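**Student:**
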Amino acid sequence: MEFPFLSIIALSPILFAILILMLPKDRGENARMLGLAAMVLGLVLSIYVYVSTYQNLPPAGTSWSQSLQFVEEHPWVPSIGLNYIVGVDGLSATLVLLTAIVGLGGVLISWSIDDRPREFYAFFMLLVAGVHGVFIAVDGFVLFFFYELAVLPMYVMIVVWGWKVTREYAAMKLTLYLLIGSFISLIAFLVLYFTPVEGGEALRTFDLRIWSEATFPWGIQRIWFMPLFLGFGILAGLWPFHNWSPDGHVAAPTAVSMIHAGVLMKLGAYASMRVGIQLLPEGATYWLPFILLLTLVNVIYGAFIAMRQKDLKYMIGYSSVSHMGLVSMGFAAMTIVGFTGAGIQMVSHGIMTALFFSVVGMIYDRAHTRDMDELSGMRKALPWTVVAFIIAGLVGMGMPGLSGFLAEFPIFLGVWQGRGLDLTTVFGLNPSNYYGIVAIIAILGIIITAAYILRAIQSVFFGEYEGDKWHDMRPLMGIDKLVLVSFCVILVVIGLFPVVIAPIVQSGMAPVVDRLQEAQQATQFHGGTITDAAHHMFQIVAANVMAWLGGA
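Numbering-wise, the sequence shown is residues 642 to 1193 according to our numbering.
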């Protein structure tokens, strides 16, 4: 039996959470050390899994089921086809490492928390365990189990340790949005569980390896792809279901904001791709051109709203909505270039937002305000934060030499290449004809991002420093500086040396793109025009979109 690397990565935080809760109430320092030990253990094992996966990348044309590594499989409830199956491909190995990095940063940033540290670190461990579990899940039920485990601790941590002004409202809003989304996805998933595949019977298993090689009827894919994709897409901040995210960012304590924006939103994007696009590729080719338009609104609308914010956390929250739109846009491109860019964007945005929120948390802990009109001259009091914020801002702008450029440029290029896709005709038009226009408009998001980032840098870090205004402006601790330097180094290394991430991400995306290319041929076989029922459905969707736009 091989060493269970993945199970230890995902389940050890749960064990550490139990150990932390068993400590006496006055042993907060021990809770911190146990939390740190859990995250260090996860990071070491995640690095090993990443390096090993990178060194054994599958050849081109390998199916997803054959490309998985570190596979563990144990029967759970065999009578209904439920088994504990975990494994990683190039993308999931990368996201597991991202989770470990951000999780360790969150523990270090929270070192000074003295309000019930035992419970704080226990719930934080559960949150990290849930995220790890989704990324390694190869069984659909296991994926949903860890998905819910990742969502529920968020509510408790925001309500108990969040910003007092909005924490109850934000926690309830976040939980309702995400639970409703996962419920919709679960219904769609169960429909597929009982639906016969083409040329056979119902699969009656939750093994995603089997699902990824099966073909569901065209009508089922066309109807159920959107509920499956959008149910998870809510967690990815897909417009118009994004509204929970900025409120959650603002109300959450710093470490939870880092996990929330840095990893949790990627969990939604990953699940929508893994369970939606990969399992229902024909439905994906039919609906992704429409999803592309939603992602364009994400990018531009999110950037404009971020530019209007005066609260630093709200600005970063809406910035996350904008940049996460690029991930879904890369998926909608339906090209290997776009998918690879989307995968790198998950990592780049994850580290960038974790860096942003750590900086904001350090400032807020000392100034007790996030209002950009009140903050000024922070470079004199906290010089480390200005360098970190500028680097994160340049990443958000897509500056060459940093990870943001490596992620965003392939996404725009992939959408531009999407003009050559042979998609199902709608109202006599090929949706791929507007892909080039979307790519051009989306690039405007970079300009808007530059505007609000430069304004925030000027307002918060430069200008006159009023030392007598702040009574708690203590210097940064060594662990704070370690977190800032580590995140900055990662963003620079990815940008300067793409070889450390691009090949492994591309290897994880290739099987999904292959499925999409096969599906494009199949959908053309089903007919170049939509049926009357689908025609009516599209009219309803278009009317709702126009209503949303008019309401805005």
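Note that beta-carbon positions come from the ideal geometry of N, C-alpha and C, so glycine has one too.
Keep in mind the model is a prediction, meaning the values are calculated, not measured.
1. Between the alpha carbons of ARG949 and TYR1093, how many angstroms are there, rounded?
2. Quick check: is the beta carbon of ASP1006 nearer than 7 Å to any beta carbon in chain B?
3. My output table needs one value for LEU723: the three-state DSSP class, helix, strand or coil.
4. Hey, could you find the ends of the alpha helix (DSSP H) VAL916 is sitting in?
5. Any idea what DSSP makes of GLU760, helix, strand or coil?
6. Would you kindly work out how many angstroms separate the C-alpha atoms of ALA1091 and GLY1037, rounded to a whole number?
7. Near MET680, what residues of its chain come up, given a Cβ to Cβ distance below 6 Å and the 5 sequence neighbours on each side ignored?
8. What residue range does the beta strand (DSSP E) around PRO716 cover?
9. Between the C-alpha atoms of THR981 and MET965, what's the straight-line distance to the nearest angstrom?
10. Would the segment 698-707 and the segment 758-776 be scored as touching if the rule is three or more Cβ pairs under 8 Å?
11. Skipping 5 residues on each side, what residues in its chain have a beta carbon closer than 7 Å to that of VAL904?
12. With DSSP collapsed to three states, give me the class of GLY728.
13. Quick test of the definition: if touching needs 3 or more C-beta pairs under 8 Å, does the segment 898-913 touch the segment 788-805?
14. Where does HIS890 land, buried or exposed, given buried means 16+ other C-beta within 10 angstroms?
15. Is ALA651 helix, strand or coil when you go by DSSP?
16. Do you know whose CA, among ASP1014, LEU933 and ALA944, lies nearest ALA1080's CA?
17. Is the beta carbon of SER849 sitting closer than 7 Å to the one on GLY924?
18. Among residues of its own chain, excluding the 5 on either side of PRO716, which ones have a beta-carbon nearer than 6 Å to its beta-carbon?
19. Would you mind reading off the limits of the alpha helix (DSSP H) that contains ASN671?
20. Any idea if ASN939 is buried or exposed, counting beta-carbon neighbours within 10 angstroms, 16 or more meaning buried?
21. Who does PRO837 pair with in a DSSP beta bridge?
22. Between the segment 845-859 and the segment 818-835, do at least 3 Cβ pairs fall closer than 8 Å?
23. For the putative contact between SER963 and GLY943, defined by C-beta atoms under 8 Å, what is the C-beta separation to the nearest angstrom?
24. Check for me: the alpha helix (DSSP H) holding LYS1122 runs from which residue to which?
25. How far does the alpha helix (DSSP H) with TRP1057 in it reach, from first residue to last?
26. What are the partner residues of ASP848, as DSSP defines its beta bridges?
27. If you check the beta carbons only, do LEU784 and ILE900 fall under 7 Å apart?
28. The alpha helix (DSSP H) with TYR1093 in it runs from where to where?
29. With a threshold of 16 other CB atoms inside 10 Å of the CB of PHE972, please say whether the residue is buried or exposed.
30. To the nearest angstrom, how far is it from the Cα of SER687 to the Cα of GLU1107?
31. Between the C-alpha atoms of GLN1058 and VAL978, what's the straight-line distance to the nearest angstrom?
32. What runs of the alpha helix (DSSP H), each 4 residues or longer, lie entirely inside the segment 853-884?
33. Taking the CB atoms as reference points, tell me whether VAL1146 and ILE918 lie closer together than 7 Å.
34. How far does the alpha helix (DSSP H) with VAL897 in it extend, from its first residue to its last?
35. With burial defined as no fewer than 16 other Cβ atoms inside 10 Å of the residue's Cβ, what is the status of MET663: buried or exposed?
36. The alpha helix (DSSP H) with GLY966 in it runs from where to where?
**Tutor:** Once the coordinates are examined:
1. Distance between the alpha carbons of ARG949 and TYR1093 is about 8 Å.
2. Note that chain B does not occur in the displayed structure, where there is just one protein chain.
3. Taken through DSSP and simplified to helix, strand or coil, LEU723 comes out as strand.
4. Annotation: VAL916 is outside any alpha helix (DSSP H) and is labelled neither H nor E by DSSP.
5. GLU760 falls in the helix class under three-state DSSP.
6. Taking the straight line from one Cα to the other gives about 8 Å.
7. Hits under 6 Å: GLY744, LEU745 and VAL748.
8. 710-718 is the span of the beta strand (DSSP E), which, as asked, contains PRO716.
9. In a straight line, the C-alpha of THR981 is about 14 Å away from that of MET965.
10. No: fewer than three Cβ pairs fall under 8 Å.
11. Excluding sequence neighbours, VAL904 sits near LEU739, THR740, VAL743, VAL772 and GLY991.
12. If DSSP states are grouped into helix, strand and coil, GLY728 belongs with the strands.
13. With the cut-off at 8 Å, the segment 898-913 and the segment 788-805 touch.
14. With 16 or more Cβ atoms within 10 Å of its Cβ, HIS890 is classed as buried.
15. Note: ALA651 maps to helix in three-state DSSP.
16. It is LEU933.
17. It should be noted that the sequence gives Leu, not Ser, for residue 849. LEU849 places its beta carbon 7 Å or farther from that of GLY924.
18. Excluding the 5 residues flanking it on each side, PRO716 has same chain C-beta neighbours closer than 6 Å at ASN724, in chain order.
19. 669-696 is the extent of the alpha helix (DSSP H) around ASN671.
20. Label assigned to ASN939: buried.
21. In the DSSP output, where bridge partners are listed per residue, PRO837 has ALA843.
22. Enough Cβ pairs lie closer than 8 Å, so yes.
23. Correct: roughly 3 Å between the Cβ atoms.
24. Bounds of the alpha helix (DSSP H) holding LYS1122 are 1119-1137.
25. Going by DSSP, TRP1057 is part of the alpha helix (DSSP H) stretching over 1044-1058.
26. As a beta-bridge residue in DSSP terms, ASP848 pairs with ASP780.
27. Taking the C-beta atoms as reference points, ILE900 is found no nearer than 7 Å to LEU784.
28. Segment 1076-1102, the alpha helix (DSSP H) holding TYR1093.
29. Classification for PHE972: buried.
30. The C-alpha of SER687 lies about 45 Å from the C-alpha of GLU1107.
31. When only Cα atoms are considered, GLN1058 and VAL978 end up about 9 Å apart.
32. Annotation: the segment 853-884 contains the following complete segments of the alpha helix (DSSP H) (minimum length 4 residues), in chain order: 859-874.
33. Against a cut-off of 7 Å, the Cβ pair of ILE918 and VAL1146 comes out as no contact.
34. Start and end: 895-900.
35. By the neighbour-count rule (16 or more Cβ atoms within 10 Å), MET663 is not buried but exposed.
36. Per DSSP, GLY966 belongs to the alpha helix (DSSP H) from 953-974.
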